[in-house]
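Numbering (the numbering used here), first residue to last: 5 to 357.
All C-beta atoms in this analysis are idealised placements derived from N, C-alpha and C, irrespective of residue type, glycine included.
Report on the following structure.
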């Protein structure tokens, strides 16, 4: 036994009885998030079906093949980038390619030590554990992951006070796939334990068009002319949004009695949902209009903008701003955010005097 001081949160673990795998099976039920079956119907299952992210696919294909050749667990993977680009989907694809299970959870669900302990102890050899929003892990859960990731073991404190001891519990070899929109918010000790760190980029128009056409086929929708590219133009470079917009177009087509969806119907349906021709929605326009009308185009600090919009600063920074930056409608400077000339032109806003 190794002498150790009890962790302030270790009271959640029963020091007298310890934990066995039957306990773990019971505990893990609170931590695993259910899969979204509706979205699963449109998800690719293999790397060959996954559209876009070519460099990422190439890196992961090599890692998967090398892992198969060695017969061991895939190295731990950190996927980061804006929301909706396919991080969860890629974790499921990796599990399918390797022929293993993928257990899905999110950092906010791992509030107590017993949550992460239960998940880890219930993993089978070479399973994937996917943790979404991994930057939000609390300190206790993160520290439990360190030996699990490096040495396939859990260090659990047994007993209290001067009788406290650390009990090392072996784990099956596994792969942690972490997903985050804020890679910089991860602590260095956690980030450095990932063997593969990959960024997902916004999708280009041809890839988005292919994604929309594939989804339309799965939903048994007939698209005419430029309908697919019209959806692709308005989906913020994001497959998840493309699929959501396509479903809203399907609703309008169904109600209006259109057997075939054309570009005009797409434009009509998405304008109804306040998504314009460049993909800007109401939140985007509110931010740009506040910058232009309230502050003459900026520069304005993030906290000031968030207060004016009644939004959380993190939401603005991770959900709203990335697409505006991608379009060239917004600039981040040391003094704050600035609306660009392109934003003025798109909103038909007069030039500053």
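Contact check, residue 235 vs residue 249, beta carbons under 8 Å: Reading the chain shown from its first residue, position 231 is the one you call residue 235. Reading the chain shown from its first residue, position 245 is the one you call residue 249. Taking C-beta atoms as the reference points, residue 235 and residue 249 count as a pair closer than 8 Å.
Residue 37 (DSSP reduced to helix, strand or coil): If you number the chain shown from 1, residue 37 lands on position 33. Residue placement at residue 37 is flagged as unreliable, the pLDDT there being 39, under the threshold of 50; the coordinate-derived value follows with that caveat. Residue 37 falls in the coil class under three-state DSSP.
Residue 174 - DSSP class collapsed to helix/strand/coil: In the chain shown, the residue the question calls residue 174 occupies position 170. In the three-state reduction of the DSSP assignment, residue 174 falls in the strand class.
For residue 327, the first and last residue of its enclosing beta strand (DSSP E): Working through the chain shown from its first residue, we reach residue 327 at position 323. In this chain, residue 327 is not harboured by any beta strand (DSSP E); it is covered by the alpha helix (DSSP H) spanning 325–331.
Per DSSP, cross-strand counterpart(s) of residue 136: Taking the chain shown and counting its residues from 1, one reaches residue 136 at position 132. Looking at the DSSP assignment, residue 136 forms a beta bridge with 110.
Beta bridge counterpart(s) of residue 337 as assigned by DSSP: Looking up residue 337 in the chain shown gives position 333. Per the DSSP secondary-structure output, residue 337 pairs in a beta bridge with 340.
Among 50, 52, 51 and 57, the one whose alpha carbon lies nearest that of residue 243: In the chain shown, counting from the first residue as 1, residue 243 sits at position 239. Checked all of 50, 52, 51 and 57; the closest Cα to residue 243 is 57.
Whole-angstrom C-beta distance between residue 333 and residue 343, which should lie under 8 Å: Stepping through the chain shown from its first residue, residue 343 is reached at position 339. Stepping through the chain shown from its first residue, residue 333 is reached at position 329. At roughly 7 Å, the Cβ-Cβ gap stays under 8 Å, so residue 343 and residue 333 are in contact.
Rounded distance between the beta-carbons of residue 212 and residue 375, thought under 8 Å: The structure shown does not extend to residue 375, since the chain is modelled only from 5 through 357, so no value can be given for it.
Endpoints, the alpha helix (DSSP H) within which residue 152 is located: Counting from 1 along the chain shown, the entry for residue 152 is found at position 148. Start and end: 143–155.
Test item: CB-CB of residue 3 and residue 179 under 8 Å: Limits of the chain in this structure are 5 at one end and 357 at the other, which puts residue 3 out of reach.
Simplified DSSP state of residue 205, which is helix, strand or coil: As a working mapping, residue 205 is identified with position 201 in the chain shown. Judged by DSSP in its simplified three-state form, residue 205 adopts coil rather than helix or strand.
Straight-line gap, residue 329 to residue 337 (C-alpha atoms, nearest Å): Here residue 329 refers to the residue found at position 325 when the chain shown is read from its first residue. Here residue 337 refers to the residue found at position 333 when the chain shown is read from its first residue. Residue 329 and residue 337: Cα-Cα distance of roughly 12 Å.
Three-pair Cβ contact test at 8 Å for the stretch 250–269 versus the stretch 58–71: The stretch 250–269 makes no contact with the stretch 58–71, as fewer than three CB pairs between them are under 8 Å.
Meets three-Cβ-pair contact criterion under 8 Å: the stretch 343–354 and the stretch 294–302: Touching, yes, given that three or more Cβ pairs across the two stretches are closer than 8 Å.
C-beta atoms of residue 83 and residue 67 nearer than 8 Å: The sequence position of residue 83 within the chain shown is 79, counting from 1. The sequence position of residue 67 within the chain shown is 63, counting from 1. The Cβ atoms of residue 83 and residue 67 do not sit closer than 8 Å to each other.
Rounded straight-line distance, which links the Cα of residue 259 to that of residue 202: Taking the chain shown and counting its residues from 1, the one referred to as residue 202 is at position 198. Taking the chain shown and counting its residues from 1, the one referred to as residue 259 is at position 255. Each residue's Cα considered, the two are about 42 Å apart.
Distance between residue 169 and residue 161 (C-alpha atoms, nearest Å): By 1-based counting over the chain shown, the position of residue 161 is 157. By 1-based counting over the chain shown, the position of residue 169 is 165. Looking at the two C-alpha atoms, the distance is approximately 6 Å.
7 Å CB neighbourhood of residue 239 in its chain, flanking five on each side removed: Residue 239 sits at position 235 when you count from the first residue of the chain shown. Correct list, in chain order: 212, 245, 246, 249 and 283.
Residue nearest to residue 181 in terms of C-alpha spacing, selected from 189, 131, 219 and 156: The residue labelled residue 181 in the question sits at position 177 within the chain shown. It is 131.
Three or more C-beta pairs below 8 Å linking the stretch 99–106 and the stretch 126–145: With a cut-off of 8 Å, the stretch 126–145 and the stretch 99–106 count as touching, because enough Cβ pairs lie within range.
Cβ distance (whole Å) where residue 276 is taken to contact residue 254 below 8 Å: As a working mapping, residue 276 is identified with position 272 in the chain shown. As a working mapping, residue 254 is identified with position 250 in the chain shown. Between residue 254 and residue 276 the Cβ distance is about 13 Å, and since that is not below 8 Å, they are no contact.
Bridge partner(s) assigned by DSSP for residue 264: Looking up residue 264 in the chain shown gives position 260. Among the bridge pairs identified by DSSP, residue 264 is matched with 226.
C-alpha gap between residue 229 and residue 316, whole angstroms: One-based indexing of the chain shown puts residue 229 at position 225. One-based indexing of the chain shown puts residue 316 at position 312. When only Cα atoms are considered, residue 229 and residue 316 end up about 40 Å apart.
Which residues DSSP lists as bridging residue 274, in chain order: As a first step, residue 274 is located in the chain shown; it is residue number 270 there, counting from the start. Residue 274 pairs with nothing; no bridge assigned.
Beta-carbon gap between residue 322 and residue 48 smaller than 8 Å: Position 318 of the chain shown, counting from 1, holds the residue named residue 322. Position 44 of the chain shown, counting from 1, holds the residue named residue 48. Their beta carbons are not under 8 Å apart, which means residue 322 does not touch residue 48 by this criterion.
Beta-carbon separation (whole angstroms), residue 111 vs residue 135, contact threshold 8 Å: Counting from 1 along the chain shown, the entry for residue 111 is found at position 107. Counting from 1 along the chain shown, the entry for residue 135 is found at position 131. The C-beta distance from residue 111 to residue 135 rounds to 6 Å, short enough to meet the 8 Å contact threshold.
Which of helix, strand or coil DSSP assigns to residue 127: As a first step, residue 127 must be located in the chain shown, where it is residue number 123. The answer is coil: DSSP assigns residue 127 none of H, G, I, E or B.
Within 8 Å, strictly: CB atoms of residue 219 and residue 265: If you number the chain shown from 1, residue 219 lands on position 215. If you number the chain shown from 1, residue 265 lands on position 261. Not a contact, by the Cβ cut-off of 8 Å.
From 261, 267, 351 and 307, residue whose alpha carbon lies closest to that of residue 292: As a position in the chain shown, residue 292 is number 288, starting the count at 1. Taking only the C-alpha atoms, the option nearest residue 292 is 351.
Bridge-paired residues (DSSP) for residue 184: One-based indexing of the chain shown puts residue 184 at position 180. Beta-bridge pairing links residue 184 to 84.
Length of the line joining the Cα atoms of residue 295 and residue 115: Against the chain shown, residue 295 aligns to sequence position 291. Against the chain shown, residue 115 aligns to sequence position 111. Their backbone Cα atoms lie some 38 Å apart in a straight line.
Residue burial classification, residue 122 (beta-carbon count within 10 angstroms, cutoff 16): As a first step, residue 122 must be located in the chain shown, where it is residue number 118. Residue 122 counts as buried, since at least 16 other C-beta atoms from the protein chains shown sit within 10 angstroms of its C-beta.
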